[in-house]
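Chains as they are written, first to last, in our numbering: chain W, 801 to 943; chain F, 258 to 400.
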C-alpha cells in the first residue's frame, strides 16, 4: 500500500476540492462554493433493503452484518462497524409487493445501540406487521 | 502544506471503492457506498423538478403516483429509497408517502428496473396528489 501525505486536494486549475485536518477529517467544497461540508459526517454509514416476510434476508446492504426476526414486524439490524453511540439518525420505508402498496410505518426506538438497531413496522391501525420490502438508512458518527 | 492536484480520485484495488477513515478514527467506511445516489424534489405541479441529483425526469403517472428516472442507473433493483411529501389537501386525514419498488402502477409484480421507479401518496384510503412537494432519496450501488 502506498500512502500519499497531503493536506489539500485541488483540481488541476488550482481550485481546492478537499482539505484534510490533522485528525483525518475531510472538508469538501460545497456545491455553491460558499462553504464546506464534512465528508465523513455526510456519508450514510449503513443502509439495508431486506425481505421481512418468512425467512428474512438482506436483498442488499452496506455495513450491516446481520438481521434478527424478533417477532411479527419486529426486527434488529446489526452493524459491521459500530456507530459511536446510539444517537444516530434513521430513516425507514417499507411496502408490500403483490397485495397493495401497503403503507408501513417504521417505529424506531425499541432498542438502539452503537452496534445494532431494532425497529418495528406497523400498519395505520398501529398493529405490527411483517413487511416484504423494508428500507433503512443510518446517518451518524462511526466509532 | 502538501497539496495534491488531480481531476479524478480512483481506488487502487477497485476503481469504484475508496475507504474513508471514520469520525472516531477506529474504523473506515466506504466512500461510494455512503453517498446518496439520487434525490429529487418534485414541484407541486408534479411535472417538474424543483431540484434533483442524478435524475433525468419525473413522471406524473396518475393521481398520487409519481415516477422518477435515474440518469445513471443503479447496479441492481435492491436499492434503498425513502419518500416524503408535503400536502395541504388531506383535510382531516393522515398523510402517507407510500413506497413501491415497482415502476408499473397497474401491474405491481413486474417492471422492477434499475433506473425507473414509482411511488405513491395517499391518505388512509385513496391515492392523493402531494400538492406541495414530493421528495425522494436513494442509497445503493451504482452500475
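We put the beta carbon where it would ideally sit given N, CA and C, even for glycine.
#1: Determine, using beta-carbon pairs with one atom in the region 820-833 of chain W and one in the region 916-929 of chain W, whether at least three such pairs fall under 8 Å.
#2: Anything in chain F within Cβ reach of residue 891 (chain W), meaning under 7 Å, just list it in chain order.
#3: From the DSSP secondary-structure annotation, give me the bridge partner or partners of residue 396 (chain F).
#4: Tell me whether residue 936 (chain W) sits in a helix, a strand or coil according to DSSP, three-state version.
#5: What residues are listed by DSSP as bridge partners for residue 864 (chain W)?
#6: Here's a check: name, in chain order, each residue in its chain whose Cβ is nearer than 6 Å to the Cβ of residue 815 (chain W), leaving out the five neighbours to either side.
#7: Under 7 Å between beta-carbons, which chain F residues line up against residue 879 (chain W)? List them in chain order, please.
#8: Could you list which residues in chain F have their beta carbon closer than 8 Å to that of residue 821 (chain W), in chain order?
#9: For chain W, find out if any of its Cβ atoms is closer than 8 Å to the Cβ of residue 325 (chain F); answer yes or no.
#10: Taking contact to mean at least 3 C-beta pairs separated by less than 8 Å, is the region 842-849 of chain W in contact with the region 286-302 of chain F?
#11: First and last residue of the beta strand (DSSP E) that includes residue 306 (chain F)?
#12: Going by DSSP, what residues sit across from residue 809 (chain W) in a beta bridge?
#13: Distance check for residue 927 (chain W) and residue 801 (chain W), CA to CA, integer angstroms please.
#14: Give the residues from the region 844-878 of chain W that approach chain F closer than 8 Å (Cβ to any Cβ), ordered along the chain.
#15: Can you pull the chain F residues whose beta carbon is under 8 Å from the beta carbon of residue 824 (chain W), in chain order?
#16: Roughly how far, in whole angstroms, is the beta-carbon of residue 878 (chain W) from the beta-carbon of residue 915 (chain W), given that I think they are within contact range, below 8 Å?
#17: Which residue from W:912, W:847, W:941 puts its Cα closest to that of residue 339 (chain F)?
#18: Examine chain F for any beta-carbon lying closer than 8 Å to the beta-carbon of residue 812 (chain W), and answer yes or no.
#19: In or out: residue 400 (chain F) buried (at least 16 other Cβ within 10 Å) or exposed?
#20: Residue 287 (chain F) versus chain W: which residues are under 9 Å apart at the beta carbon?
#21: Once DSSP output is grouped into helix, strand and coil, what is the label at residue 838 (chain W)?
Per the coordinate set shown:
#1: Taking 8 Å as the limit for Cβ pairs, the verdict is that the region 916-929 of chain W does not touch the region 820-833 of chain W.
#2: 339
#3: F:337
#4: strand
#5: W:879
#6: For residue 815 (chain W), same chain residues with a beta-carbon under 6 Å away, outside a window of 5 residues either side, do not exist.
#7: None at all; the shortest Cβ gap to chain F is about 10 Å.
#8: Neighbours of residue 821 (chain W) on chain F: none; closest Cβ ~11 Å, over 8 Å.
#9: no
#10: yes
#11: 306-310
#12: W:818, F:261
#13: About 53 Å.
#14: 844, 845, 847, 848, 849, 859, 860, 862, 863
#15: The contact set of residue 824 (chain W) on chain F, defined by CB atoms closer than 8 Å, consists of 278, 282 in chain order.
#16: Sure, about 6 Å apart at Cβ, within 8 Å.
#17: Checking every option, the nearest Cα to that of residue 339 (chain F) belongs to W:847.
#18: yes
#19: exposed
#20: 843, 862, 863
#21: strand
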